[in-house]
Amino acid sequence: MKRLGILVLVVVVSAVAFGAWSILGPGPLGFAAGKTVPLTSGQAQGLSGVPVSLASAALRVRGEYLARAADCESCHTAKGGRAFAGGVAFNLPFGTLYSPNITPDRRTGIGAWSDAQFLNALHQGVAPDGSHYYPAFPFAAYSLMTETDALAIKAYLMSVPPVQAATPPNTLRFPFNQRALLRLWSVLFNPGRRFERDPGRTPQWNRGAYLAEALGHCGDCHTPRNLLEGLDNRRKFAGAVASGWKAFNITPDRRTGIGEWDDEALVRYLSVGHAAGHGTASGPMGEAVDHSLSHLTPGDIAALVAYMRSVPARFDASMRAPQARAAREAGALASRQGELIYAGACASCHGLDGQSPVMAFATLAGSRALHDPSARNVVQAVVWGVRRQTADIDAEMPAFGSGYSNVEIAAVANYVTARLGATPSAVTATDVARMRSEGSQ
């Protein structure tokens, strides 16, 4: 009996240890070797997301650059709405969250917030009334941000036009509507520490790390999550689903990541959202380029690329075809319906062979979305359309979601991945219906 008790104890302890190992894992910079230097030390003082060219600029100007780098506008500006007035819907498996108003309106925005309350929100995920924010707000990443940079962002937000706009109520199911549970989430997944410089790495790497982790929160879209919705940094940047769209693998893996991309292609993609032979950014990534990355200096884009190159390569198993390629290709190519829809509604802009006769941004050949066996981003682009607006491009693909049925959208998605991609899809009408409920543009 004693041996049995010991055996049970060992099993329980092992299960708890394995669960803790699986859920907690390393932090976002856990892959980097070497000792780090706290910001309080002389070696790390002066760290900021502000580039040297703006170091002596007014606080509001510095804050605007940082707010761009942190991509605040994408999540807090609803389609057709006023800038930073909130109301963006995040459709989750357990309900819908809405982003809050962060304009300086004193009643419905942040106009009455003190500096301490603003820092508490960004670093701890706690609202002025003491309630906890859901991790759709990337406070676990923003907790790495210096107080100086955070308050510069606040100064900028306080300078934008105030908008009176109450945040729509969330529609989350039990138990996800219990905000008290978020306190435990924060304990597990938000250490609440500021960024620490790695003296064993180059200044460019450290800057790229700060931009990617403390400001750009790249992992919140590109890193898979565990059972408790914390980031699984053992598969850092290996690809995930964000707002119904596929956020692709951005590790140096040569098969499913960016290992085959040269630096010029990466810089181009991050700067303008398009790289020849690799495709055009759409969905949340397109918004990140338009509102954030396209506004960064060339030096900061280069720093991001240097940092991304250092992340351990991880294979994204979701990019492997679940069925034999030949069978999937035969089924997709047999879809006369998809071929007809593509020829009638798509080819005039995208070209029958995927080479656009209109503009480079509309070229499909080489696009990663066409090599994804789930065809998720193809479906979302067809349903919701794509709007891109940078200094280089002002273009729009119309939304076809209301004009075509789920059966028709599945047919054209399967056709285009078979015709132009490397891993044909077998999307069904049921899959399209689910993707519609998850995504938006």
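Residue numbers (this note's numbering): -11 to 429.
Cβ atoms here follow ideal geometry from the backbone N, Cα and C, with glycine treated the same way.
In this text the structure is predicted, and so the values were computed from the model without any measurement.
Beta-bridge partners assigned by DSSP to M385: V374. Look at the beta carbons and you see the region 207 to 215 not touching the region 36 to 54: under three pairs across the two are nearer than 8 angstroms. When secondary structure is reduced to three states using DSSP, T65 falls in the strand class. Contact annotation: V370 and F388 have beta-carbon atoms nearer than 8 angstroms. In the three-state DSSP reduction, L170 falls in the helix class (H, G or I).
Close CB contacts of P300 within its chain, under the 6 angstroms cut and outside five residues either way in sequence, are with F19 (chain order). Residue nearest to G247 within the set G261, T268 and F225 is F225 (criterion: CA-CA distance).
Excluding its 5 nearest sequence neighbours in each direction, A291 has C-beta neighbours in its own chain below 8 angstroms: Q192, W193, R195, G196 and L199, listed in chain order. The secondary-structure analysis by DSSP pairs N79 across a beta bridge with T84.
Where W193 is concerned, the enclosing alpha helix (DSSP H) starts and stops at P191 to A197.
Excluding sequence positions up to five before and after Q112, its CB lies within less than 8 angstroms of the CB of F127, S131, S174, N178 and G180, all in the same chain and listed in chain order. Per DSSP, reduced to three states, the secondary structure at T268 is strand. Assigned with DSSP and collapsed to three states, G274 falls in helix. Residue pairing from DSSP places L160 in a beta bridge opposite G83. S306 counts as buried, since at least 16 other C-beta atoms from the protein chains shown sit within 10 angstroms of its C-beta.
For K234, the uninterrupted beta strand (DSSP E) segment begins and ends at W233 to A235. For the pair R223 and F303, the Cα-to-Cα distance works out to about 9 angstroms. The DSSP-derived three-state label of R70 is coil.
Shown here, V25 sits in a strand according to DSSP, grouped into three states.
For V229, the enclosing beta strand (DSSP E) has its first and last residue at A228 to A230.
By the criterion of a C-beta distance shorter than 7 angstroms, A71 is surrounded in its chain by E61, T65 and V148, once the five residues flanking it on both sides are discounted. Under the DSSP assignment, K142 falls in the alpha helix (DSSP H) whose first and last residues are E135 to L145. Judged by beta-carbon spacing, R161 lies within the 8 angstroms limit of G83, meaning their Cβ atoms are closer than that value.
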